[in-house]
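Working notes for the structure below.
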Amino acid sequence: RVANDEPNVRQSTRAKVAEAIADLEYLPDPSARSLASRRSYLIGLLHDNPSASYLISIQNGALGSSREAGYNLLLHPCDYRDPEIAADIRRMVRRTKVEGLVLTPPLSDRPGVRELLDELGLPYVRVAPADALSPDTSIFTNDVEISAEMVRYLHSLGHRKIGFIIGHPDHGAVLLRHQGFLQGMQEVQLEVKPEYVAQGYNSFESGIECAQELLNLPDRPTAIFASNDEMAAGVIHVAHEMRIDIPGQLSVAGYDDVPLARQLWPALTTVRQPMEQMARSATSLLVQMIKTRQDETEVQTTIDGELIIRDSTAPPQ
Numbered sequence: 001r002v003a004n005d006e007p008n009v010r011q012s013t014r015a016k017v018a019e020a021i022a023d024l025e026y027l028p029d030p031s032a033r034s035l036a037s038r039r040s041y042l043i044g045l046l047h048d049n050p051s052a053s054y055l056i057s058i059q060n061g062a063l064g065s066s067r068e069a070g071y072n073l074l075l076h077p078c079d080y081r082d083p084e085i086a087a088d089i090r091r092m093v094r095r096t097k098v099e100g101l102v103l104t105p106p107l108s109d110r111p112g113v114r115e116l117l118d119e120l121g122l123p124y125v126r127v128a129p130a131d132a133l134s135p136d137t138s139i140f141t142n143d144v145e146i147s148a149e150m151v152r153y154l155h156s157l158g159h160r161k162i163g164f165i166i167g168h169p170d171h172g173a174v175l176l177r178h179q180g181f182l183q184g185m186q187e188v189q190l191e192v193k194p195e196y197v198a199q200g201y202n203s204f205e206s207g208i209e210c211a212q213e214l215l216n217l218p219d220r221p222t223a224i225f226a227s228n229d230e231m232a233a234g235v236i237h238v239a240h241e242m243r244i245d246i247p248g249q250l251s252v253a254g255y256d257d258v259p260l261a262r263q264l265w266p267a268l269t270t271v272r273q274p275m276e277q278m279a280r281s282a283t284s285l286l287v288q289m290i291k292t293r294q295d296e297t298e299v300q301t302t303i304d305g306e307l308i309i310r311d312s313t314a315p316p317q
């Protein structure tokens with residue numbers, strides 16, 4: 001009972017047992033624990049995101065919460081485009097006996113996945129889904145509001161020709177950033193020129209393609225806001241190749257605040273998405289659902305992003 005942090009133990013007894021545990025360097029045997037309780041003490045993290053830094057942040061947050069609760073974390077990569085994804089997840093659940101799942105984008109919006117987990121009666125928490133009004137337990141960030149704030153910041157510097165690179169169309173939460181861009185442009189009473197908006201796919205390479213499209217316009221933008229940092233890095237790369245001074249002739253902003261944002265030259269102005277904190281909160285909620293057996297609990301938690309101002313933005317010359 002002391003090792004499992006259970007109640008109904010007198011404090012004097014708890015102290016003696018804790019002292020013995022420390023002296024013997026005792027650790028519970030996970031296999032014996034699982035056999036005795038017929039539980040796996042295993043949480044699954046489903047992911048499909050090409051950004052290594054995004055995955056590391058999500059993984060660190062989920063690991064922190066699961067370890068504190070006495071659970072192990074299983075990372076399970078998925079291809080969200082696979083038509084057999086539901087069958088793959090079903091096999092994984094049966095094979096590993098996971099007690100709950102954390103769904104990261106774009107899997108958190110994948111049709112069929114939630115229906116499968118509801119059918120299996122398996123608790124799950126979604127991270128950054130696009131449908132904020134969905135009746136299940138989810139962790140959000142304020143993509144729309146903070147993206148609009150970035151537009152207001154660029155406008156406050158004096159920019160009136162602001163371009164935007166849309167994120168991958170299959171990533172619902174990333175598309176909310178485009179919605180925030182449109183809202184911000186409306187708030188500062190600027191026209192959204194179609195030629196100033198390019199379709200990206202969340203990758204450095206797509207950022208390069210979009211930057212070539214935007215920076216070769218006869219009347220090019222003086223600022224470009226990209227839906228993630230990797231595409232913003234592609235914009236900076238093209239600007240350097242074209243001998244466009246950053247931030248004198250072009251301001252560049254991104255989203256996420258991955259380590260790359262601080263390593264670029266000049267360092268990237270961006271939105272710090274609290275990815276690690278979101279994963280930590282999602283895992284804590286999931287553990288609570290597992291322990292209380294309240295699978296029907298519906299909790300929507302929003303963790304705000306933060307504007308991070310660095311050297312890649314300045315008033316236009």
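In case it helps, this note's numbering puts the sequence shown at residues 1 to 317.
Don't be surprised by glycine CBs; every beta carbon is placed ideally from N, CA and C.
#### Entry: Supposed contact pair Val271 and Ile246 - C-beta distance, whole angstroms, cut 8 Å
Mapped onto the sequence shown, residue 246 falls at position 246. Mapped onto the sequence shown, residue 271 falls at position 271. 18 Å between Cβ atoms; not a contact.
### Message
For a quick check, are the C-beta atoms of Tyr124 and Met275 less than 9 Å apart?
### Response
Here residue 124 corresponds to residue number 124 of the sequence shown, with the count starting at 1. Here residue 275 corresponds to residue number 275 of the sequence shown, with the count starting at 1. Contact annotation: Tyr124 and Met275 have beta-carbon atoms that are not nearer than 9 Å.
### Message
If you measure between the beta carbons of Leu190 and Asp143, is that distance less than 9 Å?
### Response
For the purposes of this step, residue 190 is taken as the residue at position 190 of the sequence shown. For the purposes of this step, residue 143 is taken as the residue at position 143 of the sequence shown. At a Cβ-Cβ threshold of 9 Å, Leu190 and Asp143 do not count as neighbours.
### Query
Between the C-alpha atoms of Leu122 and Gln300, what's the straight-line distance to the nearest angstrom?
Residue mapping note: residue 122 aligns to position 122 of the sequence shown, counting from 1. Residue mapping note: residue 300 aligns to position 300 of the sequence shown, counting from 1. Answer to the nearest angstrom: the Cα atoms are 18 Å apart.
### Query
Under the rule that 16 or more other beta-carbon atoms within 10 Å means buried, what is Asp219, buried or exposed?
Translated into positions along the sequence shown, residue 219 becomes position 219. It is exposed - the Cβ of Asp219 has fewer than 16 other Cβ atoms within 10 Å.
### Buried versus exposed, by CB contacts within 10 Å (16 or more), Gln273
In the sequence shown, the residue the question calls residue 273 occupies position 273. By the 10 Å Cβ count, Gln273 comes out buried.
### Message
On the DSSP letters alone, give me the boundaries of the beta strand (DSSP E) that Tyr124 sits inside.
### Response
To locate residue 124, count along the sequence shown from 1; it is residue 124. Counting along the chain, Tyr124 sits inside the beta strand (DSSP E) bounded by residues Tyr124 to Val127.
### Query
Roughly how many angstroms separate the alpha carbons of Glu19 and Ser108, rounded to a whole number?
The sequence position of residue 19 within the sequence shown is 19, counting from 1. The sequence position of residue 108 within the sequence shown is 108, counting from 1. When rounded, the distance between both Cα atoms is 44 Å.
### Message
Quick check: does the Cβ of Gly64 come within less than 8 Å of any heavy atom belonging to the ligand NAD?
### Response
For the structure depicted, the ligand NAD is absent and the ligand set is empty, with no information on it obtainable.
### Query
So, do the segment 57-67 and the segment 89-96 have three or more beta carbon pairs nearer to each other than 8 Å?
Because the criterion of three Cβ pairs below 8 Å is not met, the segment 57-67 and the segment 89-96 do not touch.
### Task
Report back the beta-carbon spacing between Gly374 and Pro106 to the nearest angstrom; my notes put them in contact at under 8 Å.
Outside the modelled stretch of the chain, which goes from 1 to 317, sits residue 374, for which no answer is possible.
### Query
Considering only residues of the same chain and omitting the five flanking positions on each side of Asp257, which have a CB-CB separation below 6 Å?
Within the sequence shown, residue 257 is the residue found at index 257, counting from 1. In chain order, Thr270, Arg272 and Ile308 place their CB closer than 6 Å to the CB of Asp257, counting only its own chain and leaving out the 5 sequence neighbours on each side.
### Residue interval of the alpha helix (DSSP H) (run including Glu187)
The residue labelled residue 187 in the question sits at position 187 within the sequence shown. For Glu187, the enclosing alpha helix (DSSP H) starts and ends at Gly172 to Glu187.
### Whole-Å CB distance - Ala233 paired with Leu260, under 8 Å assumed
Looking up residue 233 in the sequence shown gives position 233. Looking up residue 260 in the sequence shown gives position 260. About 6 Å; that satisfies the 8 Å criterion.
### Message
Nearest by alpha-carbon distance to Asp347: which of Val2, Tyr26, Ser138 and Leu103 is it?
### Response
Not covered by the structure: residue 347. The range shown for the chain is 1 to 317.
### Task
Note down, in chain order, each residue of its chain lying with its Cβ closer than 6 Å to the Cβ of Ala323, except the 5 sequence neighbours on either side.
Coverage of the chain is limited to positions 1 through 317, which leaves residue 323 absent and any answer about it impossible.
### Query
At which residues does the beta strand (DSSP E) containing Glu306 begin and terminate?
Here residue 306 refers to the residue found at position 306 of the sequence shown. For Glu306, the uninterrupted beta strand (DSSP E) segment begins and ends at Glu306 to Ile308.
#### Entry: Residue range of the beta strand (DSSP E) that includes Ala226
Sequence index remark: in the sequence shown, residue 226 carries index 226 (1-based). Here the beta strand (DSSP E) through Ala226 covers Ala223 to Ala226.
### Query
Just curious, the beta strand (DSSP E) that Pro77 is in, first and last residue?
Counting from one through the sequence shown, the residue named residue 77 turns up at place 77. Looking at the DSSP string, the run of the beta strand (DSSP E) that includes Pro77 is Asn72 to Pro77.
### Query
What separation, rounded to the nearest whole angstrom, lies between the Cα atoms of Gly163 and Ala69?
Residue mapping note: residue 163 aligns to position 163 of the sequence shown, counting from 1. Residue mapping note: residue 69 aligns to position 69 of the sequence shown, counting from 1. It is roughly 45 Å from the alpha-carbon of Gly163 to the alpha-carbon of Ala69.
### Neighbour-count burial assignment, Ala22, 16 or more Cβ in a 10 Å radius
Looking up residue 22 in the sequence shown gives position 22. Result: exposed.
### Task
Could you tell me how far apart the beta carbons of Leu250 and Thr222 are, in whole angstroms, since I believe they sit closer than 8 Å?
Residue mapping note: residue 250 aligns to position 250 of the sequence shown, counting from 1. Residue mapping note: residue 222 aligns to position 222 of the sequence shown, counting from 1. Confirmed, about 7 Å.
### Message
Tell me the DSSP secondary structure of His159 in three-state form.
### Response
For this step, residue 159 is matched to residue 159 along the sequence shown. In the structure shown, His159 sits in coil (DSSP, three-state: anything other than H, G, I, E or B).
### Message
Does Ala314 pass the burial test, meaning 16 or more other C-beta atoms within 10 Å, or should it be called exposed?
### Response
Against the sequence shown, residue 314 aligns to sequence position 314. Buried, since its Cβ has 16 or more Cβ neighbours within 10 Å.
### Query
Around the Cβ of His168, are there at least 16 other Cβ atoms within 10 angstroms (buried) or fewer (exposed)?
As a position in the sequence shown, residue 168 is number 168, starting the count at 1. Of the residues assessed, His168 falls on the buried side of the cut-off, its CB having 16 or more other CB atoms within 10 angstroms.
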